[in-house]
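Residue 1 is where the sequence shown starts when you use UniProt numbering, and the numbers rise one by one after that. We put the CB at the ideal spot given by N, CA and C, even for glycine.
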Amino acid sequence: MWTTFLVALKANLRNRSALFWMTVFPIVLATMFNGLFGGLAEAYELKPVPMAVIEDTRWQQADGARTFVDALAGETESASDDTTYAEIDQKLLTITTVDTVKEAEQRLADGTANGYLTADNNGRLAMTVSRETAVTAKDSTQNSGLDISLAALRSVIDLYNRTDAVTRQTIADNPQAALSRNFWNSVGQNVDMTHETTLTHFQPDEIARYYYALLAMSCMMAVGYSISTVAAAQANLSALGIRRTVAPLSRAKQLVAGFLSCWLCSSVALSIALAYIRLACNVSLGGREPAAILAGIIASFMTSSAGTLLGAVPKLSYNTKYGLSTGISCTLSLFTGLYGGFAMQISDWIARNAPILGTINPAQQVTNLFYDILYYDSYRPFITTCIILLAMSAVFLLAGIAMLRRQRYEHL
1 MWTTFLVALK ANLRNRSALF WMTVFPIVLA TMFNGLFGGL AEAYELKPVP MAVIEDTRWQ
61 QADGARTFVD ALAGETESAS DDTTYAEIDQ KLLTITTVDT VKEAEQRLAD GTANGYLTAD
121 NNGRLAMTVS RETAVTAKDS TQNSGLDISL AALRSVIDLY NRTDAVTRQT IADNPQAALS
181 RNFWNSVGQN VDMTHETTLT HFQPDEIARY YYALLAMSCM MAVGYSISTV AAAQANLSAL
241 GIRRTVAPLS RAKQLVAGFL SCWLCSSVAL SIALAYIRLA CNVSLGGREP AAILAGIIAS
301 FMTSSAGTLL GAVPKLSYNT KYGLSTGISC TLSLFTGLYG GFAMQISDWI ARNAPILGTI
361 NPAQQVTNLF YDILYYDSYR PFITTCIILL AMSAVFLLAG IAMLRRQRYE HL
């Protein structure tokens, strides 16, 4: 049996078609994904916007505006000997000071600033951006993130102006409010109306869905390994099958040895693809890499079982069985969202409206293994998906064994 295992292992390693789909294909496609989607995450990051500040007479008199802009730039300024404004974590500005509007426009013309800030007679801020900056921010093909940064900057400036106007009006209507500490403590509290939070232990990458669907398709392609092993033990498909049929080693041991070799090859190939996606493409698994490796082993067991079932189907040639496995894998991968945004919408619609279809889809369950690792704090959903895949494996194996036991040959 050990010798049969080694022979089957060598045969799998010489199977160029299966090696391509299991090893080369996911690496090539993951590289393409990384090239296409690698810059999307950066496009949503807030980056400091270069701005010129016109320090004219009105700016010098607007103490609140100066302090606010310095805070946005991450700079510190002392309002008195014992009061210091601390540096904030997220910078929205990089400041270049000028004396006149003409100098600011020159900064815009030579590209050293994207716009300039001024203060009016009431101490409120106004932001002006260059035409080139506005065009760049509207161009969705550049993915520079400038539109996000400008929108955030515009929002905080509008919030400052509204807060300043309300404060001045309140003091004008009720001068005693200026003497109340509670009043000044309440100024600007609406800034904290919203907070960024996460419902999981880890903030996932939206593009990770495509990589997980790719892993599922790569795993489903391992069905070809088991088909080759089972076909090599069938006397009506090849001369090798005839020799193995009359060999002293029992047919059951031959099939077990072949199954184990297929499981090992597919598990290693999937682990290689997973390592490449994690390390080279920098798609994080939230620190649960051991669970991801276990997911690959369980998924490979399921696909090896499915290959045993498909390989045991009688009256079909090896090429027909192998073609069916490829077609089934590609079709099932459509519903995991591998083929783009439209496929993702189909996958989401099935999850919301027809979850039973996702439950019986082996490719979707393989994808869910990685979803469960990333999106849930508890391992319970992951364990549930593992049980579903093991149940599928049991059904595939029992059906395949039943068909193999009933196969008889009139002559060899």
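Between the beta-carbon of T133 and that of G115 there is about 6 Å, and that keeps the pair under the 8 Å contact cut. Around the CB of W349, fewer than 16 other CB atoms lie within 10 Å, so the residue is classed as exposed. Excluding its 5 nearest sequence neighbours in each direction, I346 has C-beta neighbours in its own chain below 8 Å: L334, F335 and G337, listed in chain order. Secondary structure within the segment 328 to 388: the alpha helix (DSSP H) runs of 4 or more consecutive residues, fully enclosed, are 341 to 353, 355 to 359 and 362 to 375 (chain order). Of all C-beta pairs linking the segment 6 to 23 to the segment 250 to 261, three or more are shorter than 8 Å, placing the two stretches in contact. Pairing A299 with L270 gives a Cβ-Cβ distance under 8 Å.
Between the segment 303 to 310 and the segment 387 to 400, the count of C-beta pairs closer than 8 Å reaches three or more; the two stretches touch. Around the beta carbon of V223, 16 or more other beta carbons sit within 10 angstroms, so the residue counts as buried. Taking a 10 Å sphere around the C-beta of Y210, we find 16 or more other C-beta atoms and assign the residue as buried. For G115, the enclosing beta strand (DSSP E) stretches over residues G115 to A119.
The beta-bridge partner set that DSSP reports for I54 consists of V98.
Rounded to whole angstroms, the separation of the alpha carbons of I360 and R352 is 15 Å.
Taking 8 Å as the cut-off, the beta carbon of G111 is found no closer than this to the beta carbon of D164. When the five nearest sequence neighbours on each side are left out, the beta carbons in the same chain lying within less than 6 Å of the beta carbon of M1 are those of K253 and A257, in order along the chain. Ranked by Cα distance from Y322, the options T3, S17, L13 and T4 are led by S17.
Rounded to whole angstroms, L92 and T385 show a C-alpha spacing of 44 Å. It is roughly 47 Å from the alpha-carbon of V283 to the alpha-carbon of A62. I54 sits close to A104, with the two beta carbons spaced by under 8 Å.
The shortest CA-to-CA distance from T331 to any of F33, S218, A109 and G35 is the one to S218. Comparing C-alpha distances from L390 to each of L369, A71, Y375 and N121 shows the shortest one belongs to L369. Straight through space, the alpha carbons of A152 and L215 are spaced by roughly 37 Å.
With a beta-carbon spacing of about 13 Å, I95 and M127 fall beyond the 8 Å limit used to define contacts. Here M220 is near S329, since their CB atoms are less than 8 Å apart. When only Cα atoms are considered, F259 and S393 end up about 12 Å apart. The distance from the Cβ of A65 to that of A119 is about 5 Å, consistent with a contact at the 8 Å cut-off.
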